[in-house]
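A.B. asks:
Number of protein chains: 2
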Amino acid sequence: MIRSLFHALLASALLLFAVLSVADNKPTRNVILIIGDGMDEQQITIARNYLAGSSGQLLLDTMPLRAQVQVLAIEDQVDGKPVYVSDSANTATAMATGVVTSRGRIATAAGTNTPLMTLVELADEAGLRSGLVTTARVTDATPAAFAVHMSSRRCEDPDTMVDVSIYGFEIADCSAELKANGGSGSISEQLIESPLDLLLGGGRQRFEATAEGEEITVEALAVDNGFVVVTRPQELLQEKPGEKLLGLFAQGNLPVRLRGENGREAEAPVRSWLNYLNDYLGSARLPDPMNCEPNPDFDGTPTLAQMTEAALTHLSHDNDKGFFLMVESASIDKQAHERKPCGSIGEMAQLEEALALALRFASRNPNTLIIVTSDHSQVAQLVPDQSLFADYPVPVFTPGKIARIKTPEGSLMAVNYATNDFIMGEHTGAAVPLFSNTEGLGRISPFLQQPDIFRIIRGYLNL
Amino acid sequence: MIRSLFHALLASALLLFAVLSVADNKPTRNVILIIGDGMDEQQITIARNYLAGSSGQLLLDTMPLRAQVQVLAIEDQVDGKPVYVSDSANTATAMATGVVTSRGRIATAAGTNTPLMTLVELADEAGLRSGLVTTARVTDATPAAFAVHMSSRRCEDPDTMVDVSIYGFEIADCSAELKANGGSGSISEQLIESPLDLLLGGGRQRFEATAEGEEITVEALAVDNGFVVVTRPQELLQEKPGEKLLGLFAQGNLPVRLRGENGREAEAPVRSWLNYLNDYLGSARLPDPMNCEPNPDFDGTPTLAQMTEAALTHLSHDNDKGFFLMVESASIDKQAHERKPCGSIGEMAQLEEALALALRFASRNPNTLIIVTSDHSQVAQLVPDQSLFADYPVPVFTPGKIARIKTPEGSLMAVNYATNDFIMGEHTGAAVPLFSNTEGLGRISPFLQQPDIFRIIRGYLNL
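Quick note, the sequences are listed as chains A and B, same order.
Sequence positions in the first sequence follow this note's numbering and run 1 to 463.
Sequence positions in the second sequence follow this note's numbering and run 1 to 463.
1) Bridge partners for Lys-334/B per DSSP, in chain order?
2) If we ignore side chains and look at the alpha-carbon of each, how far apart do Ala-47/B and Ile-46/A end up?
3) Output needed for Ala-144/A: all residues of its chain with C-beta closer than 6 Å, excluding positions within five of it in sequence on either side, in chain order.
4) Residues of chain B with CB closer than 8 Å to the CB of Ser-54/A, please, in chain order.
5) Does Arg-66/B have its Cβ less than 8 Å from a Cβ in chain A?
6) With distances taken from CA atoms, which of Ile-192/B, Trp-273/B, Gly-346/B, Asn-181/B is nearest Val-256/B?
7) Which residues does DSSP pair with Ser-377/B in a beta bridge?
8) Name the chain B residues that come within less than 9 Å of Tyr-276/A, Cβ to Cβ?
9) Kindly list the residues whose CB is nearer than 8 Å to the CB of Met-1/B, restricted to its own chain and excluding five residues on each side of it in sequence; keep chain order.
10) From which residue to which residue does the beta strand (DSSP E) around Tyr-460/B run?
11) Can you tell me whether Gly-104/A is buried or exposed, with buried defined as 16 or more other CB within 10 angstroms of its CB?
12) Is it right to say Tyr-167/A is buried, meaning 16 or more other beta carbons lie within 10 angstroms of its own, or is it exposed?
13) Hey, how far is the Cα of Arg-232/A from the Cα of Ser-130/A?
14) Evaluate Arg-469/A with the Cβ neighbour count: other Cβ atoms within 10 Å of its Cβ, from every protein chain shown; 16 or more gives buried, anything less gives exposed.
15) Beta carbon of Gln-378/B, beta carbon of Thr-428/A: below 8 Å?
16) Hey, is Leu-286/B's beta-carbon within less than 8 Å of any beta-carbon in chain A?
17) Does Val-31/B get closer than 8 Å to chain A when you measure Cβ to Cβ?
18) Please report whether the beta-carbon of Thr-97/B lies at a distance below 8 Å from any beta-carbon of chain A.
19) Just confirm the distance between the C-beta atoms of Gly-410/B and Lys-81/A, as a whole number of angstroms; I'd bet it's less than 8 Å.
20) Would you check if the stretch 74-94 of chain A and the stretch 358-377 of chain A touch, i.e. whether three or more CB-CB distances between them fall below 8 Å?
21) Can you pull the DSSP bridge partners for Phe-324/A?
22) Are there three or more Cβ pairs, one per stretch, closer than 8 Å when the stretch 287-302 of chain B is compared with the stretch 400-409 of chain B?
23) Taking the alpha-carbon positions, what's the Ala-172/A to Met-150/A distance?
24) Going along chain B, which residues have a C-beta under 7 Å from Asp-421/A?
25) Report yes if the CB atom of Pro-158/A is closer than 8 Å to the CB atom of Ala-209/A, and no otherwise.
26) Could you work out which residues of chain A lie near Ile-171/B, taking near to mean beta carbons separated by less than 7 Å?
27) Would you verify that the beta carbon of Ser-175/B is, or is not, closer than 8 Å to some beta carbon of chain A?
28) Please state whether DSSP places Leu-463/B in a helix, a strand or coil.
29) Determine the burial state of Ala-73/B: buried for a count of at least 16 other Cβ atoms within 10 Å of its Cβ, exposed for fewer.
30) Write down the C-beta distance between Gly-242/A and His-337/A rounded to the nearest angstrom, noting that I regard them as a contact closer than 8 Å.
31) Quick one: what's got a C-beta closer than 8 Å to Thr-108/A's C-beta in the same chain, skipping five residues either side?
32) In the DSSP assignment, what residue or residues form a beta bridge with Thr-368/B?
33) Indicate whether at least one CB of chain A lies closer than 8 Å to the CB of Val-19/B.
34) If we ignore side chains and look at the alpha-carbon of each, how far apart do Ala-250/B and Thr-135/B end up?
35) Does the contact criterion of 3 or more C-beta pairs under 8 Å hold for the stretch 428-447 of chain A versus the stretch 52-69 of chain A?
36) Put Gln-386/B into one of helix, strand or coil per three-state DSSP.
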């Protein structure tokens, strides 16, 4: 009896010792979350066909883990009903906070506007570093939702807090979130007060406005708050690791790498006068095929890979606590909205290069979980350049806009944009892909919901 | 020296013995390949939202393995250049034969028309049974390419071999494949001469024509060839296992389970007269929301699950060699072509039920590899019911056709069809999902090309 009690006590002591040892010696863990904004299967296949050839492989295709992520949104009320197509604000919120919210919200709860704790805030509490890198404005929805809280993604700077309007129509009002009203101020103001160690991308304009209640700009206030502000790629590479870094490399979104020939985008087929009388009469001429070409505006823009490399250097330097880094290739989405397939392809190439750097970092720092995913599906569809029904004696063509791209392997790839006739196409609702490195094996199931990404990262980093 | 030689010999003998033992005692292995025709991520998400709720899970979502499959086609010539959007003929050929061919071809090579050995033929050579089950005509492209060879999918019966035309326009000619010209005859004639043990679906009309060079119908010839022909679900259940079975349960494709309210499909928004003057003026009225409802034509149709159950019973009965079974949910695709989202959803439900049976069979027969995949992506897009740009003071709506479905969880799900204005929409080119049971783990990588499916099945069955 006494002997078995002794054994039980010994076993308990050993177990406690083991637990404490693990806690003390737990390895430095890092997470690199790469988000291809709007990177759905159509976009990935379009990029594969162009960049690797239809029988080739993207770097994404070589990842050891592939899963699918259901994207969720609700109406803007407590217990709101499901909304089947999301935007980048509610999806980034799901990944950053684990909570499903309504479209347009930045880490705030549907209906109540309650702030939701983000991965960047949790990482800070646990003593980990964090950084956000994007090819969009750093104040745009995806990066913002990982670090700050706002009822509307549109309230990006101190000048866009009250009665934000387009053509005289109000589309947002964040008055209640003004500092004067007890709030935390605009997205750019919150970002420079956040615990972020690094924030790289575009959107300098959003930091040029005068900070609320101050005499200086948000950018100047960032310096007061300890940020080193850089605006040129060369400066980025010169900065010493360990400093808090704010890199703003364009007034708005960063220019993209590729564009259509002479700036062309998807165009409407030109119909004959007879076709206007009846859909089955006359003919329609599709737009001429085009090449993708380097975008001259991209000159002098840091690549996503350069920004990612700087981020990895800064965040890992002399760091035994680990870090959380979010890297966004933003204009897969933005160029799809504008019906510019070459632009999206160039952004996919940028994502691939950033992933290559992340994988190299992980090979040297084995306790690094890499997750690559998308936030929502998008408008573009890879369609037959020659209709499946070309045999039929009637004109068969898209009612929307189409681009016919000459691919390096010598074929024509047609991309259709036909969710609306507005200046920007609509997102779509399909579940999105997720890829991970070997650290994801056994930790990520083949099917998940977007808030699960938050839980996986939080669990991995012990936040 | 002698001792080590002895050891080496002993080791070799043991190795040889081990190899022979494995060869002799290799387990009976089965493959169930379930093809959701046109089942892309949009279709799966639409079905998930409707059948399980947006936060729910389909049975597909619980599968332990998920991969993505690049779909490949080429021009109709030797070494033809890539074609980026496929049809069900070339994709079924890729899965059935491991060879990339041109659109419209049934297990024949691009350019040369050389017959390509199919899984059904290989299974027969190895002494395994095989069966094909579909909700389409059994002569349709997907089932056909697993068992027969034809230059065009349109040559389904003896009456559609020469100058096949639509509205007077020739769309196919298989004269060279007439038996009189040294060929093997039409698809229906080849099917009843194939080594198939079981063939269930629709398309009875294709067997009512007089067989070439005979005085009797293809159906009568099937009986002469040893097939038991059944045409009603009750007969299907009564048939004794072990017989060669041809089930033809409709003249054409099997009716689908669900349809839109009162047979409604996606409709064009109704534009105001002002909107015809300029896209940004006036307004557009979207179609009224609708329920999905049971399709009355479905009464008396065997479900895909009933046909799958009969197939599993027949193929596994008293069989120590194993089998290959292909099960197709065909009208996910066909209903998408016709812009009928409820129809596609009902076919997804049928696929789920067939998968449940396959999983039950595999739990009792562990050496059963289940693969669920799609052949190509399709036209439908889940779009926002309320546009992302609804704040803007202009009408924003699809230029194509849209259906707004009331879901069981009380929301509206909008599905857009806008690849053309023809009676049938276009396929799209995105890579397609693949799911497998535990037998697939370690055998199927996260990314593959469609012909790899052939190689995986062939390898698993030792064909």
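Glycine included, C-beta positions come from ideal geometry on N, C-alpha and C.
Predicted model, so just to flag it, every value in this text is computed and none were measured.
C.D. replies: Taking the definition as stated:
1) For Lys-334/B, which the question treats as bridged, DSSP gives no partner whatsoever.
2) For Ala-47/B and Ile-46/A, the distance between alpha carbons rounds to 25 Å.
3) Closer than 6 Å at Cβ, skipping near neighbours: Ile-106, Ile-187.
4) Simply Gln-70, Leu-72, Pro-82, Tyr-84.
5) At a cut-off of 8 Å between beta-carbon atoms, Arg-66/B makes contact with chain A.
6) Taking only the C-alpha atoms, the option nearest Val-256/B is Gly-346/B.
7) Partner(s): Thr-428/B.
8) Those do not exist, as Tyr-276/A stays about 11 Å from chain B at its closest Cβ, beyond 9 Å.
9) For Met-1/B, the predicted model reports a pLDDT of 46, less than 50, meaning its position is unreliable; a value from the coordinates is still stated below. So the list is empty, once near-sequence residues are dropped.
10) Here Tyr-460/B belongs to no beta strand (DSSP E); instead the alpha helix (DSSP H) covers 450-460.
11) By the 10 Å Cβ count, Gly-104/A comes out buried.
12) By the neighbour-count rule (16 or more Cβ atoms within 10 Å), Tyr-167/A is not buried but exposed.
13) If you take the alpha carbons of Arg-232/A and Ser-130/A, they lie about 22 Å apart.
14) For residue 469/A there is no data in the structure shown, the boundaries of chain A being 1 and 463.
15) No; because the gap between Cβ atoms is not below 8 Å, this pair is not in contact.
16) By the rule that beta-carbons nearer than 8 Å mark a contact, Leu-286/B does not touch chain A.
17) Not closer than 8 Å to any Cβ of chain A, the Cβ of Val-31/B fails to qualify, so no.
18) The beta carbon of Thr-97/B sits no closer than 8 Å to any beta carbon of chain A.
19) Between Gly-410/B and Lys-81/A a beta carbon distance of about 5 Å is seen, short of the 8 Å cut, so the two are scored as contacting.
20) Counting C-beta pairs closer than 8 Å gives three or more between the stretch 358-377 of chain A and the stretch 74-94 of chain A, which meets the contact rule.
21) In DSSP, Phe-324/A forms a bridge with Val-31/A, Ser-130/A.
22) In the pairwise beta carbon analysis, the stretch 287-302 of chain B is classified as touching the stretch 400-409 of chain B: at least three pairs are separated by under 8 Å.
23) The alpha-carbon atoms of Ala-172/A and Met-150/A are separated by roughly 11 Å.
24) Near Asp-421/A (Cβ distances below 7 Å), the residues of chain B are Asp-279, Pro-399.
25) Yes, they are a contact pair.
26) Against chain A, a Cβ distance below 7 Å from Ile-171/B picks out Asp-391.
27) Not an interface residue.
28) Three-state DSSP puts Leu-463/B in coil, outside helix and strand.
29) So Ala-73/B counts as buried.
30) Contact flag wrong, Cβ pair sits at about 38 Å.
31) Thr-93, Thr-101, Thr-114, Pro-115, Leu-116, His-149, Met-150, Ser-151.
32) The partner list for Thr-368/B (beta bridge, DSSP) reads Asn-30/B.
33) Bear in mind that the predicted position of Val-19/B carries a pLDDT of just 45, short of 50, making it unreliable; the figure below should be weighed with that in mind. So, not an interface residue.
34) Between Ala-250/B and Thr-135/B, the C-alpha separation is close to 10 Å.
35) They touch, by the three-pair rule.
36) Coil, per DSSP.
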